[in-house]
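Asker: Using the UniProt record's numbering, read the sequence shown as starting at 1 and increasing by one per residue. Here it is: the structure, laid out below.
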Amino acid sequence: MSQSHETGGLIVHISGLLPSLSPAEQRVARLVVANPADAARRTITDLATAAETSEATVIRFCRSVGMDGYPQLRIRLAAEAARRIEPPDARVVGGDIPPGADLAQIIATIAFNDARAVEETAEQLDPAVCEQVVEAISHAGRIDIYGAGASGFVASDFQQKLHRIGRTAFYFPDVHTALTSAALLGKGDVAVGISHTGTTSDVIEVLEQARARGALTVALTNYPRSPIAEGADFVLTTAARETTYRSGAMASRLAQLTVVDCLFVGVAARNRARARKALEVTAEAVKSHRVGASRRRG
Numbered sequence: 001m002s003q004s005h006e007t008g009g010l011i012v013h014i015s016g017l018l019p020s021l022s023p024a025e026q027r028v029a030r031l032v033v034a035n036p037a038d039a040a041r042r043t044i045t046d047l048a049t050a051a052e053t054s055e056a057t058v059i060r061f062c063r064s065v066g067m068d069g070y071p072q073l074r075i076r077l078a079a080e081a082a083r084r085i086e087p088p089d090a091r092v093v094g095g096d097i098p099p100g101a102d103l104a105q106i107i108a109t110i111a112f113n114d115a116r117a118v119e120e121t122a123e124q125l126d127p128a129v130c131e132q133v134v135e136a137i138s139h140a141g142r143i144d145i146y147g148a149g150a151s152g153f154v155a156s157d158f159q160q161k162l163h164r165i166g167r168t169a170f171y172f173p174d175v176h177t178a179l180t181s182a183a184l185l186g187k188g189d190v191a192v193g194i195s196h197t198g199t200t201s202d203v204i205e206v207l208e209q210a211r212a213r214g215a216l217t218v219a220l221t222n223y224p225r226s227p228i229a230e231g232a233d234f235v236l237t238t239a240a241r242e243t244t245y246r247s248g249a250m251a252s253r254l255a256q257l258t259v260v261d262c263l264f265v266g267v268a269a270r271n272r273a274r275a276r277k278a279l280e281v282t283a284e285a286v287k288s289h290r291v292g293a294s295r296r297r298g
């Protein structure tokens, strides 16, 4: 199984691993993610006390996220803090929208965190894994795309994009229909499962069905150690951090769409002439359903 590498930064890496950590390690992780610079200044005893845990847990946390020990973690956190882009509005702290926030603060917080989700997702995407997925989709006899809730909108968008350039792609929002479709896949086909948490049972089940039938499977998730990643041939990760009022519906969807657009353009670029022609033909097909300039002026 291929997974994305850690080029996007340590904080993105830790955030993606957070659900797979023990409860005590998660408390350490949240302190580190919330303020890398402050964590880098702390001794191991200070950090353990702040996280209400032991020094041994901090060491286990370091190893869980790929560090040799606490000194290496502090060095990496200091470097991470130095490269982090600060929000343009000093009131935008940590991504949360505090009680009593005015609309200007809400707008600044959402804009900053959405932009950061897109940038950090792009930074940590593994081009080699993306290339393999693009190659598989480009030559697939058929592509099935699965997603539920907010991820379902992304799955539908990806299906429409691929269909517009002549790829045989399907999206089924109903799990029963998706399962029957997956049962008909085989070698040479591709199945893509999209789940921010990586724990959506419907999407996991359908992806497993597709893999059992011989299709190549791709998981798009925010968490590389999540259940959906365990049963996929290729794993692509996003880097969205959900905050107040925003679970599953905003930053995560923008991050997923970033990955989807990268894959789509990669597939289209494999045969530019064919893709351009298909886009022109499909645009012409719906042209008569657009209100003309003269009518708008009237």
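Think of the CB as a built atom: it goes at the ideal place given N, C-alpha and C, for glycine as much as any other residue.
Is there contact here, the stretch 171–186 with the stretch 270–277, by at least three beta-carbon pairs under 8 Å?
Answerer: no
Asker: DSSP on G248, reduced to helix/strand/coil?
Answerer: If you number the sequence shown from 1, residue 248 lands on position 248. Residue placement at G248 is flagged as unreliable, the pLDDT there being 49, under the threshold of 50; a coordinate-derived value is accordingly withheld.
Asker: What number of angstroms, rounded off, separates the C-alpha of Q159 from the C-alpha of A136?
Answerer: As a working mapping, residue 159 is identified with position 159 in the sequence shown. As a working mapping, residue 136 is identified with position 136 in the sequence shown. For Q159 and A136, the distance between alpha carbons rounds to 15 Å.
Asker: Ignore the nearest five residues each way along the sequence and tell me which others in T200's own chain have a CB closer than 6 Å to its CB.
Answerer: Here residue 200 refers to the residue found at position 200 when the sequence shown is read from its first residue. So the qualifying residues of the chain are A148.
Asker: Could you spell out the range, first to last residue, of the alpha helix (DSSP H) harbouring D114?
Answerer: On the sequence shown, position 114 is the one that residue 114 refers to. Note, D114: alpha helix (DSSP H), 103–124.
Asker: Beta-carbon separation of I11 and E80 under 8 Å?
Answerer: Here residue 11 refers to the residue found at position 11 when the sequence shown is read from its first residue. Here residue 80 refers to the residue found at position 80 when the sequence shown is read from its first residue. Yes, the pair counts as a contact, with Cβ atoms nearer than the cut-off.
Asker: For the structure I just gave you, are there three or more beta carbon pairs, one from the stretch 256–268 and one from the stretch 227–238, closer than 8 Å?
Answerer: yes
Asker: Helix, strand or coil for F172 per DSSP?
Answerer: Here residue 172 refers to the residue found at position 172 when the sequence shown is read from its first residue. In this structure, F172 counts as coil in the three-state DSSP scheme.
Asker: How many angstroms separate the CA atom of G16 from the CA atom of R42?
Answerer: Sequence index remark: in the sequence shown, residue 16 carries index 16 (1-based). Sequence index remark: in the sequence shown, residue 42 carries index 42 (1-based). The alpha-carbon atoms of G16 and R42 are separated by roughly 23 Å.
Asker: Checking 8 Å against the spacing of the C-beta atoms, do L77 and A29 come in under that value?
Answerer: If you number the sequence shown from 1, residue 77 lands on position 77. If you number the sequence shown from 1, residue 29 lands on position 29. No; because the gap between Cβ atoms is not below 8 Å, this pair is not in contact.
Asker: Under the rule that 16 or more other beta-carbon atoms within 10 Å means buried, what is M1, buried or exposed?
Answerer: Walking along the sequence shown from the start, residue 1 turns up at place 1. Confidence is the limiting factor: at M1 the pLDDT is only 39, short of 50, which leaves the residue's position unreliable, though a coordinate-based value still follows. Exposed is the call here.
Asker: Please list, in chain order, all residues of the same chain as V175 whose beta carbon is under 6 Å from its beta carbon, the five residues on each side excluded.
Answerer: Working through the sequence shown from its first residue, we reach residue 175 at position 175. Correct list, in chain order: D202.
Asker: Going by Cα to Cα distance, which pick from I75, K187, P224, A229 is closest to P36?
Answerer: One-based indexing of the sequence shown puts residue 36 at position 36. For the residues I75, K187, P224, A229, the minimum Cα distance to P36 belongs to I75.
Asker: So the candidates are A212, A232, G9; which of them puts its Cα closest to the Cα of E123?
Answerer: On the sequence shown, residue 123 is found 123 positions in, with the first residue counted as 1. Measuring from the Cα of E123, the nearest candidate turns out to be G9.
Asker: Is the beta carbon of G292 closer than 8 Å to that of V134?
Answerer: For the purposes of this step, residue 134 is identified with residue 134 of the sequence shown, where counting begins at 1. For the purposes of this step, residue 292 is identified with residue 292 of the sequence shown, where counting begins at 1. No.
Asker: Could you compute how far the alpha carbon of G248 sits from the alpha carbon of N222?
Answerer: Here residue 248 refers to the residue found at position 248 of the sequence shown. Here residue 222 refers to the residue found at position 222 of the sequence shown. Residue confidence is low: G248 scores 49 on pLDDT, short of 50, so the model does not pin down where it sits. No coordinate-derived value is stated.
Asker: Rounded to the nearest angstrom, how far is the Cβ of L254 from that of A117, given a contact under 8 Å?
Answerer: As a first step, residue 254 must be located in the sequence shown, where it is residue number 254. As a first step, residue 117 must be located in the sequence shown, where it is residue number 117. The Cβ separation is near 6 Å, so the contact holds.
Asker: Excluding the 5 residues flanking I204 on each side, which residues of the same chain have their C-beta closer than 6 Å to its C-beta?
Answerer: Here the question's residue 204 lines up with position 204 in the sequence shown. P227, I228, listed in sequence order.
Asker: Among L279, S252, A140, whose alpha-carbon lies nearest the alpha-carbon of G214?
Answerer: Along the sequence shown, read from residue 1 onward, the residue named residue 214 stands at position 214. It is A140 whose Cα lies nearest to the Cα of G214.
Asker: Whose CA, out of T197, A191, P224, lies closest to the CA of E208?
Answerer: Residue numbering aside, residue 208 sits at position 208 when the sequence shown is read from its first letter. A191 is the residue among T197, A191, P224 whose C-alpha sits nearest the C-alpha of E208.
Asker: Pick helix, strand or coil for T221, following the three-state DSSP scheme.
Answerer: Translated into positions along the sequence shown, residue 221 becomes position 221. Correct three-state label for T221: strand.
Asker: Compute the Euclidean distance between the alpha carbons of A232 and A104, then round it to the nearest angstrom.
Answerer: Taking the sequence shown and counting its residues from 1, the one referred to as residue 232 is at position 232. Taking the sequence shown and counting its residues from 1, the one referred to as residue 104 is at position 104. The straight-line gap from Cα to Cα measures roughly 42 Å.
Asker: Go through its chain and collect everything with a Cβ distance to P19's Cβ below 6 Å, but skip five positions before and after it.
Answerer: Taking the sequence shown and counting its residues from 1, the one referred to as residue 19 is at position 19. The residues are Y223.
Asker: What would DSSP say about I97, mapped onto helix, strand or coil?
Answerer: For the purposes of this step, residue 97 is identified with residue 97 of the sequence shown, where counting begins at 1. DSSP places I97 in coil when its eight states are reduced to three.
Asker: Answer yes or no: do A251 and D114 have a C-beta to C-beta separation smaller than 8 Å?
Answerer: Position 251 of the sequence shown, counted from the first residue, corresponds to residue 251. Position 114 of the sequence shown, counted from the first residue, corresponds to residue 114. It is a contact, given that the beta carbons lie within the stated cut-off.
Asker: Identify whether G147 lies in helix, strand or coil by the three-state DSSP scheme.
Answerer: Walking along the sequence shown from the start, residue 147 turns up at place 147. Here G147 sits in strand by DSSP.
Asker: Taking only the alpha-carbon atoms, compute the straight-line gap between K277 and K161 and give it to the nearest angstrom.
Answerer: Sequence index remark: in the sequence shown, residue 277 carries index 277 (1-based). Sequence index remark: in the sequence shown, residue 161 carries index 161 (1-based). For K277 and K161, the gap between their C-alpha atoms comes out near 14 Å.
Asker: Could you confirm whether any beta carbon from chain D is found closer than 8 Å to the beta carbon of V206?
Answerer: This model lacks chain D altogether, as it is built from one protein chain only.
Asker: The beta strand (DSSP E) spanning I194 covers which residue range?
Answerer: Position 194 of the sequence shown holds residue 194. Its beta strand (DSSP E) spans residues 190–194.
Asker: Are there any heavy atoms of the ligand HEM lying less than 7 Å away from the beta-carbon of V218, as far as the coordinates show?
Answerer: Looking for the ligand HEM in the displayed structure turns up nothing, as the structure carries no ligands at all.
Asker: Distance, Cα to Cα, F112 vs A183?
Answerer: Position 112 of the sequence shown, counting from 1, holds the residue named residue 112. Position 183 of the sequence shown, counting from 1, holds the residue named residue 183. Going from the Cα of F112 to the Cα of A183 covers about 42 Å.
Asker: Taking the DSSP output, what are the residues bridged to T237?
Answerer: For the purposes of this step, residue 237 is taken as residue 237 along the sequence shown, with counting starting at 1. T221.
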